[in-house]
Each structure stands twice: as C-alpha cells, then as structure tokens.
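Comments concern the structure below.
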Amino acid sequence: MKYKLVAALAACLAPCASIAIADAGHGGNTAANQPLRADGHAPIGVMGDHRHSTGEVMLSYRFMRMDMAGNQIGTTGISPTAIATSLPNRFAGMPGQPPTLRIVPTEMEMDMHMFGAMYAPNDRMTLMAMVPILRKSMNHLTFSGAAGPTVLGGFNVKTEGLGDIKASALVGLWTGGNSALHANLGLSLPTGSITETHRILTPMGMRPTVRVPYAMQLGSGTFDLLPGITYTGRTGDTGYGAQLSGVIRLGDNDEGYSLGDEIRASIWASHQPVPAISFSGRVEAKSVGRIDGRDMSIMGPVQTADPRNYGGETVSLHAGVNFVVQKGAMRGHRFAIEAGVPVYQDLNGVQMETDWTLTAGWQYAF
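Going by my numbering, 480 is the number at position 320 of the sequence shown; the sequence numbering is gapless.
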C-alpha cells in the first residue's frame, strides 16, 4: 500500500492523543532565575513543533543540506552505464531523441537557507511563516551518440533563488501537565520559479540552453495545503514527541503539472543531562507521489525529465543536539544541529538516492 511505511509510525500518534496533554512551557518568557530547557524544542529538523505564549515572537534560521549520489530502481542500485544502454527514453521517436537514457545524473546537492518567524496572538494559537532560499547543483554524465557505453563528457546544472513561502497556524487542541497536542494548518505559496533554464551537453555534443527538469526547479507552482498534528511531552529529563504532516497539491500549475502529494511521520526522543543541552534521536518515514501531468518544455534522454521517475517511500534515522544559552546577553538563544541518513528507500522508476541530510539552526524567542 502506498503509505504503508508512514502508517506504522503514524499509528504511534494515537496513544499520544489519549494522554492528558498540556502546554509544555515552550515559550521564551521563563523567569530570569529559572533554567531554560534545551528540550523545550523538538530536534531542529522538525518544523512547527511548539507554540508560544500570548504576544511572544520567535525568529529562526535554518541551514539544510541534502546530498545525493548514485541511482537506483525501486530498492536496487544501477550504474550509469546500465542506465544509458538499457533504460528506455520516454521521448524516443520525437526529433533528436535517442531510444535510451543517454544523460545520467550522478550527484546532487541541495542547500536551503530557511528564515522563519513565529508570533502568538493568544495562548492557543501561534502563527508561523517560513521563507526559503534554495541552491541546487546536479552533476551529469553524457554518453556519446544514440547507443553504446562511451562517455562523451560531463556537465553541471545549477539553479538558485527564492523557494515557496509557507504560512501556518499552530492551534492548541489539548493541554495539561508537561505535554501538548496541536494542529498544524498551513498553506504553501507558489513563489518559487518553475521555469529555470541551464546549458547542457547533449549526446551529439551540442550545448543548448533548455528548461531544467522538475527536480532542479525552485518551487511547486501550486498552492499547497500543509495539514498536520504534533504531540510533544516530557517526563523528567526525557523529552519525546511525534508529528504527522502532509502536503496536498491544489490543482495543476501554469506549466500543466503538479508535484506529488506527500505524507510523513516523525517520532523522536531526547535526553537532557543538564538544562542547557539535550541529545535527540528521531525516526522519519515519508511517502511522496509521482508527478501528475507534464511540462511540455521539459524533455530529453534523462530520467529527471520523466514525471514517472519521482516519488517513493523512505525511512531515515536522525541524531541531533540542542543547546540553549542560560546567562548573559545571549540568554535564550538556541542553537541546534541534526544529521540524518536513509535506512530504506523504495523509489518510483529510476532516481538518485539520498546519501545524507544535515540541518543546523538558531532560534530566539522574546
């Protein structure tokens, strides 16, 4: 079943909801002589995890890196030569299109600078906005001619700019004790470009400028709903939480397609040996659908030009550290880092596989 992996983790949210739940004091207005808890926030890789007290503002910055290398079909790895000599080109038969995939992506890096702000108009609701700046880089091998294993050369494609801005409301559902349950109600705005172009190397040795494939565009081009539900709790020096969230695309964009819907579930736990620092572990499962429709300006003998080669299911493990300054002018400033690696990837069609992810960030509430 499409979402069988996330369903297993999502089921863990059910017992959370049956606990007497509370506002866990996640805000920054703790009395000056009281220690601030590093585990008052979830691991930095989790978005929209906490609410604030009336009138409170929080500013944040996150740097996120995703590194991809190698290719696989489903759960099985495949070499560039095997792709170029055996996998069919969806656009074969069109002018200038060879029968197989003669351009193969080999590595990809994605950096995101995420600027965030939160404001609580009242104790029950916190408003949140996130503004991403993206930089994507993908290396390719081009194989010579219409067939054969001869490599003609390599090239790199880069895109960068504003991504899709997101606005959300975190609405408290149930409070009590040292735990909290809230709904995440968000909307993603189509502010990122979906018409980026770059120069490439074709199998015939030409270097035209073309519209880059979907993976290298900066936005979705659609308004997207961002529903979710988040639970956080604490017992002594142990913190824990779970989040179920999704992305629902609202129709096609101006180029005639929509990215796949998403659903993800995270479960985490942390230990706080002293108030200033906590160590966390997290499991995340994610399912992403295929692209629906097609941009008629995106075509070529490369897997990323085919909408069928998008989406799939992944499970990843993450480890992180949260730190909060206790004294002086920097009191209340939070710094955190979290690294993750996939332990399971079942991808639709042929795709690049994720090697690792890293998120580092700063947060300050006042």
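Virtual Cβ for every residue (Gly too), placed ideally from N, Cα, C.
The beta strand (DSSP E) runs lying completely inside the segment 347-402 and spanning 3 residues or more are 357-359, 369-371, 384-395, given in chain order. Assignment of Gly488 by DSSP, reduced to helix, strand and coil, places it in the helix class.
The segment 221-300 is shown to contain whole alpha helix (DSSP H) runs of 4 or more residues at 240-246, in chain order. Sixteen is the threshold: when 16 or more other Cβ atoms of the shown chains lie within 10 Å of the Cβ of Leu261, as they do, the residue is buried.
Distance between Ser440 and Leu477, taken at the CA atoms: about 11 Å. Proximity of the segment 510-522 to the segment 230-241 meets the contact definition, three or more beta-carbon pairs being nearer than 8 Å. Annotation for Asn413: Pro350, Ile354, Ser380, Gly381, Thr382 place their beta carbon closer than 8 Å to its own, counting only its chain and skipping 5 residues before and after.
The continuous beta strand (DSSP E) containing Phe439 extends over residues 437-448. Note on geometry: alpha-carbon atoms of Gln403 and Ala425 lie some 6 Å from one another. Boundaries of the beta strand (DSSP E) harbouring Glu422: 422-434, taken from the DSSP string. In the displayed model, Gln463 falls within a helix according to three-state DSSP. In terms of Cα proximity to Gly449, the closest of Ile458, Val443, Ala340, Gly471 is Gly471. Under the three-state reduction of DSSP output, Arg494 falls in the strand class. The alpha-carbon of Ala496 is positioned some 9 Å away from that of Ser438.
C-alpha of Leu345 to C-alpha of Ser328: approximately 5 Å in a straight line. Residue state for Arg468 is assigned as helix, using DSSP reduced to three classes. Gly453 sits in a strand when the DSSP states are folded into three classes. Looking at the DSSP output, Glu473 shares a beta bridge with Ser447, Asp506.
Lys326 counts as buried, since no fewer than 16 other beta carbons sit within 10 angstroms of its beta carbon.
Under the three-state reduction of DSSP, Gly321 is assigned to strand.
Three or more Cβ pairs closer than 8 Å define a contact, and the segment 502-512 falls short of that threshold against the segment 195-211. Taking a C-beta distance under 8 Å as the contact criterion, Ile458 and Arg359 do not qualify as a contact pair.
The beta carbon of Ile408 sits closer than 6 Å to the beta carbons of Leu385, Asp421 from its chain, once the five residues preceding and following it are set aside; these are given in chain order. Under the 10 Å beta carbon count, Thr369 is surrounded by fewer than 16 other beta carbons and is classified as exposed. Proximity of the segment 211-221 to the segment 276-283 meets the contact definition, three or more beta-carbon pairs being nearer than 8 Å.
Under the three-state reduction of DSSP, Gly200 is assigned to helix. Taking the Cα positions, Arg454 is about 5 Å away from Tyr417.
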